[in-house]
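Trainee: Keeping their order, the protein sequence lines are chains A and B.
Residue numbering for the first sequence follows my numbering, beginning at 24 and increasing consecutively.
Residue numbering for the second sequence follows my numbering, beginning at 554 and increasing consecutively.
Every residue gets a Cβ at the ideal spot worked out from N, C-alpha and C, and that includes glycine.
To start, I am sharing the structure in question, which I have written as structure tokens.
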Amino acid sequence: MSQSSSFLERIGFFKSGNVGESGWGRTLGVGLISLFYFLPVLFIIFTSLKPQDMALSVPPTLSPTSLFGLIPDHYVFTPTLENFSSVFSRSMTSGGAPEPTGFDRYFFNSIVIASTSVFLALIIGTLAAYGFSRYPLKGNDTYLFIILTTRMLPAIVVIIPVILMFRVVGLSGSYIGIILLYTAFNLAFTIWMMKSFFDELSTDVEDAARIDGSSETKVFLKICLPQVIAGLAATFVFGLILTWNEFLFALLLTGPDTRTVPVAMNQAVSSGGRGTDWTLLASIETLFLIPVFLVTFFLQDHLLRGVTFGTVKR
Amino acid sequence: MSASANTALSLKGVTKHYGRVRAVENLSFEVAEGRFFVLFGPSSVGKTTTLRTIAGLVRPDAGSLEIFGKDMTAAEIKGRGVSMVFQSFALYPHLTVYENFAYPLVEEKVGKEEIDRRVKETAAMLKLDKKIDRKPNTLSGGEQQRVALGRSLIRRPKILLLDEPLTNLDAKLRHDMRAELKRLHRQFGMTIVYATPDELEALSMGEEIAVMREGAVVQRGTPDELYESPKDLYVAGKIGSPHMNLLQAKTGKDKSTFETALGKLVSPKKLAGAQAGEAAIVGIRPNDIRIAKKGEDAVKTQIRMLEPLGDVTVVSVAAGEETLRLVLPEQVASGLEPGQAASIYLDPEKFHFFRAAGGEALS
């Protein structure tokens with residue numbers, strides 16, 4: 024990458040504009056397939072921009088613009104941002120004054136709860152994974168398997184004891200409670216992911232650092248961790264998406280103050296007995312998409328290396 | 554080579570087992586200061602474990618280790634004054650060449666300017682000054698090797714351990730690096746312990762060689778000593794290329810005549826250690842056999858195969874049931890063809906005698 028590259032190039036938006044060896048034909052083909060997979064997302068984004076009465080119109084309106092007359096008028100809708108403002112404030116009864124919906128709070132909750140628990144799981148899980156990888160216990164694999172089994176049970180099976188325990192210790196409805204639960208929930212996955220990354224590292228490199236005078240702490244922090252940044256990024260994103268999406272625990276264990284977006288979304292669209300407000304739902308979903316999209320976008324280079332790690336001899 | 558004040562390294566009865574695997578078994582040797590010492594033996598013979606024990610990465614189950622007269626058996630890695638080059642090079646993949654060089658100095662808390670000076674000096678010495686900002690995976694094998702060397706040398710270690718450092722390089726580079734290593738040894742004068750399974754590396758670089766077998770040293774000596782008087786069949790078979798010819802034989806009553814497929818071979822002196830009638834092995838190096846001159850005590854053979862190697866040719870000949878290999882100058886071998894008869898002369902002064910059971914040399 025040259026020094027004069029633009030901001031977009033530097034953050035990896037255009038991969039230096041290179042079509043690569045496959046040529047335009049294949050690139051176009053891949054682009055079309057990607058677009059096909061992207062259609063549901065595109066549909067949601069467009070719906071969030073439609074006037075409420077157009078949401079379910081048949082035939083559906085497909086585009087916010089006529090593309091210079093290419094698309095017939097009855098497929099075109101006039102985009103509006105009204106749905107987005109009604110996510111945060113709208114009249115709850117017909118003809119009433121707009122009231123705040125509390126969604127600013129719910130978004131804040133989702134961001135705080137998901138990022139804190141994924142970060143915590145990443146820190147604890149990485150340390151545990153390093154231990155499992157470098158200082159194996161007797162029966163190491165058994166312990167790892169037991170950790171994995173915590174994720175084999177469907178969440179619905181364990182939710183009742185968790186609810187009861189949380190009630191007894193007063194964690195129900197608190198931030199700490201749901202963050203702890205999500206941290207534990209993410210740990211198994213984090214440990215398994217990170218262990219496989221640590222296993223791939225050459226122990227000779229660590230021994231070289233020991234001979235060069237590094238303590239065990241420095242071997243971990245200065246030699247091992249920097250080599251698994253891709254793994255940390257991948258684990259972080261996967262964990263974030265899982266936690267960001269989580270509905271069941273959040274439904275049963277968050278209170279009015281700690282409610283996350285998936286739960287609030289459900290209540291927002293089904294309340295009032297007016298049937299589902301599709302454009303409102305689409306707006307919430309579009310907003311809900313943005314944080315995960317941004318994180319994934321900024322970590323994309325690491326991610327690609329992370330998910331293909333160990334599959335290619337470097 | 555007795556233990557004197559300037560013994561750099563001394564191992565006594567070092568033993569290390571990994572579960573049932575005996576990596577090192579009652580290993581003892583000493584290395585004088587400033588010597589280029591080679592640990593030679595096939596893979597998984599305990600060379601790496603030995604080096605790792607010296608470095609402090611492995612704590613021995615038994616035995617002791619002294620470095621410059623100080624007991625270091627259980628000492629911390631830091632402070633041993635030992636550095637090591639790994640077979641895999643073990644460069645820090647996330648750091649540039651500069652940072653790789655600087656790493657040991659940073660850990661020693663050397664000042665920034667001093668680090669910069671020494672890194673640049675080391676890079677220049679190893680002709681890496683133009684690659685200083687590169688990451689290891691963008692370098693060629695030879696360059697990576699030099700980075701690994703530089704990172705070990707930059708601390709000015711008293712003892713440098715090299716674990717098969719040339720194994721991962723191609724043949725041409727290996728040759729160049731052998732010369733480079735010898736030059737560095739002359740320049741810095743540090744003690745080097747060099748592990749290799751390659752006899753050419755051992756013989757061409759080692760001032761002293763310890764031949765290892767099953768975690769212990771079988772024989773220790775200069776390259777000449779090992780070549781001229783191998784202690785047993787194992788050493789005889791490992792040192793020298795092409796390998797020594799080994800003939801089944803029966804010891805005669807006079808303990809100096811040996812009955813072989815080539816007829817009677819006579820030792821120039823009586824072998825007191827031999828026992829009349831026992832099975833023995835007579836070893837003759839391919840370089841010690843030549844085409845017989847007229848009037849010499851010749852053995853009649855038939856040529857089987859010719860392997861021209863440029864200035865010399867390895868000739869395989871059949872004599873009875875046995876096959877002998879001999880090395881002939883190219884001019885001599887050029888007239889020969891497979892199937893031809895050839896009379897060869899074996900130099901009795903160069904015979905090696907071993908007991909068939911146990912393999913120890915007879916004298």
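1) Does the CB of B:Ser693 have a neighbour CB from chain A at under 9 Å?
2) A:Ile186 versus chain B: which residues are under 9 Å apart at the beta carbon?
3) Which partner residues of A:Leu203 appear in the DSSP bridge assignment?
4) What ranges does the alpha helix (DSSP H) occupy inside the segment 640–699 of chain B, keeping only unbroken runs of at least 4 residues that lie completely in it?
5) Check whether the segment 727–745 of chain B touches the segment 571–581 of chain B, taking contact to mean three or more Cβ pairs, one atom from each stretch, closer than 8 Å.
6) I want to check one thing, is the minimum distance from the CB of A:Ile252 to the heavy atoms of the ligand HEM below 8 Å?
7) May I ask you to list, following chain order, the residues of the segment 807–821 of chain B that have a beta carbon less than 8 Å from some beta carbon of chain A?
8) Does the Cβ-Cβ distance between B:Thr603 and B:Ser617 come in under 9 Å?
9) Rounded to the nearest angstrom, what separates B:Gly790 and B:Arg838 at their Cα positions?
10) 9 Å is my cut-off, CB to CB: does A:Ser225 come that close to chain B?
11) Identify the residues that DSSP records as bridge partners of B:Tyr898: which are they?
12) By the criterion of Cβ-Cβ separation under 7 Å, what are the contact partners of B:His647 in chain A?
13) Taking 9 Å as the CB-CB cut-off, is A:Lys336 touching chain B?
14) Taking only beta-carbon atoms, is A:Val228 less than 9 Å away from chain B?
15) Please report whether the beta-carbon of A:Leu236 lies at a distance below 9 Å from any beta-carbon of chain B.
16) Would you mind reading off the limits of the alpha helix (DSSP H) that contains A:Pro184?
17) Under 9 Å between the Cβ atoms of B:Ala802 and B:Glu812?
18) Going by C-alpha distance, which of B:Leu681, B:Ala576, B:Val638, B:Leu564 is nearest B:Asp624?
19) Per the contact definition of three or more C-beta pairs closer than 8 Å, is the segment 100–109 of chain A in contact with the segment 220–233 of chain A?
20) How should A:Thr334 be labelled, buried or exposed, when 16 other C-beta atoms within 10 angstroms of its C-beta is the threshold for buried?
21) Taking the alpha helix (DSSP H) that A:Ala152 belongs to, which residues open and close that run?
22) Nearest-angstrom Cα distance between B:Arg612 and B:Pro795?
23) List the DSSP bridge partners of B:Lys823.
24) Using a Cβ-Cβ cut-off of 8 Å (strictly less than) and excluding sequence neighbours within five positions of A:Asp127, which residues of its own chain qualify?
25) Restricting to Cα atoms, I'd like to know which of A:Glu105, A:Arg190, A:Val181, A:Leu187 is closest to A:Pro121.
26) Any C-beta of chain B sitting closer than 9 Å to the C-beta of A:Arg233?
27) Here's the rule: buried if 16 or more other CB atoms are within 10 angstroms of the residue's CB, otherwise exposed. What is B:Gln697?
28) Between the Cα of B:Gly888 and those of B:Val868, B:Glu874, B:Phe904, spot the shortest distance and give me the residue it belongs to.
29) Please identify the residue among A:Val315, A:Phe91, A:Ser108 whose C-alpha is closest to the C-alpha of A:Thr302.
30) Using only CA atoms, which one of B:Lys684, B:Glu902, B:Asp900, B:Glu660 lies nearest to A:Ser238?
31) Quick one: using the 10 Å Cβ neighbour count with 16 as the cut-off for buried, is A:Met188 buried or exposed?
32) Within 10 angstroms of its Cβ, does A:Ile307 collect 16 or more other Cβ (buried), or is it exposed?
Mentor: Short version:
1) no
2) Per Cβ cutoff of 9 Å: no residues; A:Ile186 is ~45 Å from chain B at best.
3) None, per the DSSP bridge assignment.
4) 650–660, 665–678
5) no
6) Summarising the ligand content, the structure contains no ligands, and the ligand HEM is consequently not present.
7) none
8) no
9) 10 Å
10) yes
11) B:Arg843
12) Pro249, Gln250
13) With a pLDDT of only 41 at A:Lys336, under the threshold of 50, the placement of this residue in the model should not be trusted, and no figure is reported.
14) yes
15) Sequence check: residue 236 of chain A is Gly here, not Leu. Answer yes: the Cβ-Cβ gap between A:Gly236 and chain B drops below 9 Å somewhere.
16) 178–192
17) yes
18) B:Leu564
19) no
20) With a pLDDT of 46 at A:Thr334, under the threshold of 50, the modelled position of this residue cannot be trusted; read the value that follows with caution. The residue is exposed, with fewer than 16 neighbouring Cβ atoms inside 10 Å.
21) 126–157
22) 38 Å
23) B:Lys823 is not bridged to any residue.
24) Phe111
25) A:Glu105
26) yes
27) buried
28) B:Val868
29) A:Ser108
30) B:Glu660
31) exposed
32) buried
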